[in-house]
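Every letter in the sequence shown is one number past the one before it in our numbering, and letter 65, counting from 1, is 98. Below: the structure, in structure tokens.
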Amino acid sequence: SGHIQVVKKILYDCDADTLLLLAEQVGAACHTGNRSCFYRGLYDRGDDFNIDKSSLSGILNRVYDVIIDRKDKPKESSYVSSLYSSGVDKILGKISEEAGELIISSKNNNREEIIYEAADLWFHSLVLLGYHGLTPQDIYKELEKRFGISGLEKKKKEGKKK
């Protein structure tokens with residue numbers, strides 16, 4: 034639109050999955066002349082979207098919290114506690130196993146298996162993060178740093194190939 038917005042402050046929510054930018058608007062924000070580009074409601078065009086109202090945001094954080102609870106307060110009946118008591122090599126072995134199973138499910142082009150195995154890999158990755166005292170937020174921050182940066186350009190600068 035050619036109009037200018039001066040960002041004054043950037044805030045994020047408790048789950049670190051939403052940003053709020055406070056900006057000073059110079060002129061209209063939208064090329065239509067409206068003060069904001071967000072002047073239409075979701076159903077204004079008669080769109081019929083089936084939106085699940087139950088929030089899954091923060092599920093990684095919730096799973097991670099349970100993992101850390103099992104690390105800090107081991108339970109005999111807990112799979113996570115057994116991983117931690119077996120040590121990092123056991124955790125790394127599970128990650129390797131789950132990554133291999135994800136590769137196979139992808140080669141088989143089986144959607145349900147891909148989802149299942151990706152969830153297993155993410156879960157065991159969260160266990161490994163907890164082992165090292167890292168959190169999902171540490172990964173979110175790293176991904177945020179990479180956002181908007183071309184992976185190909187980054188690899189070129191680092192001297193890596195595709």
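By construction, the Cβ of each residue, glycine as well, lies at the ideal position given by its N, Cα and C atoms.
Got a sec? Which residues, its chain only, sit under 8 Å from residue i by beta carbon, not counting five neighbours each side?
i      : result
LEU161 : VAL121, ILE124, LEU125, ILE128
ALA56  : GLN38, VAL39, VAL40, LYS41
LYS108 : SER114
Less than 6 Å between C-beta atoms, sequence neighbours within five positions excluded: which residues of the same chain meet that for residue i?
i     : result
TYR45 : LEU52
VAL59 : ILE37
So if DSSP puts residue i in a beta bridge, which residue, or which two residues, is it bridged to?
i     : result
LEU55 : LYS42
ILE37 : VAL59
Taking Cβ to Cβ, would you say residue i is nearer than 8 Å to residue j?
i      : j      : result
GLY163 : ILE100 : yes
LEU159 : TYR97  : yes
GLU131 : ASP153 : yes
VAL113 : LYS104 : yes
LEU54  : ILE37  : no
LEU135 : GLU145 : no
SER139 : ILE147 : yes
Within the continuous alpha helix (DSSP H) that includes residue i, where are the two ends?
i      : result
LEU116 : 112-119
GLU145 : 144-164
GLY184 : 184-191
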